[in-house]
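Numbering that gives the first Met the number 0 numbers the first residue of the sequence shown as 0 and each following residue consecutively.
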Amino acid sequence: MHDDTSLKIGIAKVTPNGLIFNDNVYSSPSMLKSQWFQFADRDGEWELPVLYLTEESNHVFLFDQDKMEIASAVINEVKLSDEVLQAYYEALNNLKSRLKGNKKR
0 MHDDTSLKIG IAKVTPNGLI FNDNVYSSPS MLKSQWFQFA DRDGEWELPV LYLTEESNHV
60 FLFDQDKMEI ASAVINEVKL SDEVLQAYYE ALNNLKSRLK GNKKR
């Protein structure tokens, strides 16, 4: 039996909206806990290597010195216009700023 699936390496980009790779958005609990997406929003986006299976786009594998982590694709069934998305992100960032200001008091 011949298996066409192979493990490859690629470059993904960490953005405020998630980890972007091959036109898909990925996330993981540790990315959320470590606030990667907030850092990307505040300090700018960055790239990192990922491993992926050629025939499977639901997951990518991130590796560090001592561990490997799986990031899962975020399913977005609803297609929103760029204007709606921009308004949503602006409102979310405004709320975050207001909450941050309340904590300092």
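Built from N, CA and C at the ideal position, the CB exists for glycine as well.
- Run the CB neighbour count on L18, radius 10 Å, all protein chains shown included, and call it buried at 16 or more, exposed below. Residue mapping note: residue 18 aligns to position 19 of the sequence shown, counting from 1. By the 10 Å Cβ count, L18 comes out buried.
- Backbone secondary structure at M0 - three-state DSSP: Translated into the one-based positions of the sequence shown, residue 0 becomes position 1. For M0, the predicted model reports a pLDDT of 47, less than 50, meaning its position is unreliable and no value from the coordinates is stated.
- Secondary structure at G100, three-state DSSP: helix, strand or coil? To locate residue 100, count along the sequence shown from 1; it is residue 101. Of the three classes helix, strand and coil, the one that applies to G100 here is helix, per DSSP.
- Between K66, H58, K12, which lies nearest to P48 when the distance is taken from Cα to Cα? In the sequence shown, the residue the question calls residue 48 occupies position 49. Cα-wise, what sits closest to P48 is K12.
- Message: So for P48, helix, strand or coil by DSSP?
- Response: Taking the sequence shown and counting its residues from 1, the one referred to as residue 48 is at position 49. It is a strand residue.
- Considering only the beta carbon of each residue, do L61 and L50 sit closer than 9 Å? One-based indexing of the sequence shown puts residue 61 at position 62. One-based indexing of the sequence shown puts residue 50 at position 51. Closer than 9 Å, so yes.
- Pick helix, strand or coil for K32, following the three-state DSSP scheme. Counting from one through the sequence shown, the residue named residue 32 turns up at place 33. Reduced to three states, the DSSP call for K32 is helix.
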